[in-house]
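Here my numbering is used: the first residue of the sequence shown is 567, the next is one more, and so on. By construction, the Cβ of each residue, glycine as well, lies at the ideal position given by its N, Cα and C atoms. Notes to accompany the following structure.
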Amino acid sequence: MIINTILIIALIIGLPVIIYAIRRKESEVATAKDNNINGFLMLLFGIYVYGMIIISFLSYNKVLLPKSASEHGVSYDKLAAWTWGVIFFVVFVTQGLLHFFAFKFRGTKGRKSTFISHSNTLEFIWTGVPTLVLAVLIIFGMNIWAEINYPDFDSDPLVIEVYGKQWSWDARYAGKDNVLGNDNVRFIEGANTMGIDKTDPAGSDDVMTREIHLPKGRKVLFKFRSQDVLHSAFFPHFRAQMNCVPGMVTQFSFTPTVTTEEMRKDPKIVAKVKHINAIRDAKNKKLGEDDQLEPYTFDYLLLCNKICGTNHYNMQMKVIVEEPAAFDAWLASQKTFASK
Ligand SMILES: [Cu+2]
């Protein structure tokens, strides 16, 4: 709302200036008045840009994700924070100087610019400083990349397969043997929505589910497949994403560290849920008795992050992180592929 108002005000102020500039054709040579107008407009525009940045930070920080719910997510967030910190520092200084110098050195009769053909000192500074800063960021980033993408597979991770298709997800647990049975798109029939091979004994104890349960503190190794087009399995709260590619298996591993119940008590989530429910309450006042919206409760989600067709938005699956005992009880209560 505030942003819209500011944009409209900016347009109202800006339009007459543009129209004035277009209509005024008498002279091609800038007068002292033109130079002053342009100088001050550059300064004003700078103040406007900085104002917008500050307002956006204040009004939109509530839509940011809460703290990471996975082990690697903490280093991932640290890397993101450092990168943003460096970017904002550089932008604040350079953009500010750009507007200020455009104002300070606006055209003045009789003033000429200095001609500098080359300066070794300047070349050294503007090559050296970015090289150093980028090298630090890249080395830091590559370490975290390696930590996330080459996890220690000897730690007996829980194997879960995620199968994307237009437009829903299926999940499969590898069962007691922790080995997924073979699969093929040609075996898809009736309840066998993931195409599990009936002749492979490793598949008989596999468990197909419509939601993902994860035990807190245990490493999970996800195997991703797609039935049709490119999908992308996106777990925003765990800072994890991997493409699901037809014809190949991709993988990603993470360790959940915060249960759903614990995350629901996080102050940021409490505020978010309160905000969403206030919107729902307001809507409910206008809706009939049969169309009432249910109150929202927080849940982790698996989303699709590739625009994969008309119902792309509908590709979501609930993810529940719970204590290991509760997880074991839930998995034991599920039917295996053989018993289906
Ligand atoms: Cu998709």
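Remark: three or more beta-carbon pairs, one from each stretch, lie closer than 8 Å, so the region 819 to 827 and the region 784 to 792 are flagged as touching. Within the model, the alpha-carbon separation for residue 759 versus residue 828 is close to 33 Å. Not one heavy atom of ligand 1 is found less than 6 Å from the C-beta of residue 883.
At a cut-off of 6 Å, the beta-carbon of residue 797 counts as near ligand 1: some heavy atom of the ligand is closer than that. The beta carbons of residue 843 and residue 866 sit no closer together than 7 Å. The Cβ atoms of residue 805 and residue 634 lie closer than 7 Å to each other. Beta-bridge analysis with DSSP links residue 870 to 799. Annotation: the continuous alpha helix (DSSP H) that includes residue 621 extends over 598 to 626. In this structure the region 790 to 801 touches the region 866 to 884; the number of beta carbon pairs closer than 8 Å is three or more. With fewer than three CB-CB distances shorter than 8 Å, the region 614 to 633 does not count as touching the region 688 to 698. Distance from the CA of residue 575 to the CA of residue 627, rounded to the nearest whole angstrom, comes to 24 Å. Per DSSP, the beta-bridge partners of residue 886 are 779. Checking the 6 Å criterion, the Cβ of residue 878 is within range of a heavy atom belonging to ligand 1. Contact between residue 716 and residue 793 does not hold, since their C-beta atoms are separated by about 28 Å, which reaches or exceeds 8 Å. The beta carbons of residue 887 and residue 864 sit about 12 Å from each other, so the pair does not count as a contact at 8 Å. A residue is called buried when at least 16 other Cβ atoms come within 10 angstroms of its Cβ; residue 680 does not meet this threshold and is exposed.
The residue from 617, 662, 659 and 673 with its alpha-carbon nearest to that of residue 597 is 673. Residues 846, 849, 850 and 853 of the same chain have their beta carbon placed closer than 8 Å to that of residue 859, with the five preceding and five following residues left out of the count.
In the DSSP annotation of this structure, the continuous segment of the alpha helix (DSSP H) that includes residue 661 starts and ends at 637 to 670.
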